[in-house]
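Everything below concerns the one structure shown next.
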Amino acid sequence: MTEMISEAEAELLLANLDAEVRKAVPELLPLDLYPSAQDWLDPVTVLDSIQAEIAEGVPVVRKVRVAESSEVDRVTGKPRPSQSTSAELTGSRPYTAVESLDLTTEALALVFVSPVQMASKVFSTLSKFSRTEIDLVEVKFAAKKEETSDPVLELDSATVDLARSVARPLAKELDKLSRSLTQKTRNISVEPEKN
125 MTEMISEAEA
135 ELLLANLDAE
145 VRKAVPELLP
155 LDLYPSAQDW
165 LDPVTVLDSI
175 QAEIAEGVPV
185 VRKVRVAESS
195 EVDRVTGKPR
205 PSQSTSAELT
215 GSRPYTAVES
225 LDLTTEALAL
235 VFVSPVQMAS
245 KVFSTLSKFS
255 RTEIDLVEVK
265 FAAKKEETSD
275 PVLELDSATV
285 DLARSVARPL
295 AKELDKLSRS
305 LTQKTRNISV
315 EPEKN
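If you read the sequence shown in the numbering used here, its first letter stands for residue 125, the second for the next number, and so on.
Structure representation (structure tokens):
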């Protein structure tokens with residue numbers, strides 16, 4: 125089992141990850157695998173969105189109870205029953221550097237590695253059950269008919285292989301980071317399953 129990293133190491137890794145994504149990712153991502161690529165063409169926008177979420181902090185709910193002191197009824201001279209009011213106040217606490225790095229790693233993997241994983245899984249499953257040579261298979265993902273008649277995404281094995289080779293370095297780095305951050309095992313591999 126790998127040893128967990130310190131806050132200082134996490135801060136340094138987070139800064140390095142940010143710098144690397146900002147300079148290298150646009151050329152390294154298989155953006156043709158993303159049906160709504162216009163939303164994700166700028167990986168820096170994705171990174172900024174992740175960081176904005178993290179900056180909001182961890183929601184912390186505090187229950188507050190305010191008791192009003194009992195008063196004496198002027199007419200009867202007897203104490204009135206006391207009343208209390210309660211409320212839940214939501215605040216936040218900042219994420220630690222390790223938590224921030226873990227969230228950033230997981231979010232980047234979900235956004236940029238998961239589509240390649242899904243495409244690999246589709247072709248792996250097709251090759252398992254198909255009588256056709258997998259290199260000849262083409263998969264078209266369609267939108268609802270009323271939206272458009274054109275496929276939203278077309279995949280063939282060459283595109284998936286290219287996407288896998290392009291995403292592999294990012295997946296390996298995110299996997300290595302993930303293993304040093306948490307004891308949970310995440311699947312951040314773009315390799316096809318063995319049949």
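C-beta: ideal position from N, C-alpha, C; glycine also.
In this chain, the alpha helix (DSSP H) harbouring P293 covers S281 to L305. Comparing alpha-carbon positions, the option among L298, Q207, L250 and A132 lying closest to V284 turns out to be L250. The bridge partners DSSP lists for V190 are T209. T214 carries a strand assignment under DSSP once its states are collapsed to helix, strand and coil.
Excluding its 5 nearest sequence neighbours in each direction, V185 has C-beta neighbours in its own chain below 7 Å: E212 and T214, listed in chain order. About 7 Å separates the Cβ atoms of L298 and V237, confirming a contact at the 8 Å cut-off.
Between the region 195 to 210 and the region 225 to 232 there are fewer than three inter-stretch CB-CB distances shorter than 8 Å, so the stretches are not counted as touching.
E195: not part of any alpha helix (DSSP H); DSSP gives it neither H nor E. Under the three-state reduction of DSSP, E315 is assigned to coil, being neither helix nor strand. If you check the CB distance, A221 and A287 do not come in under 7 Å.
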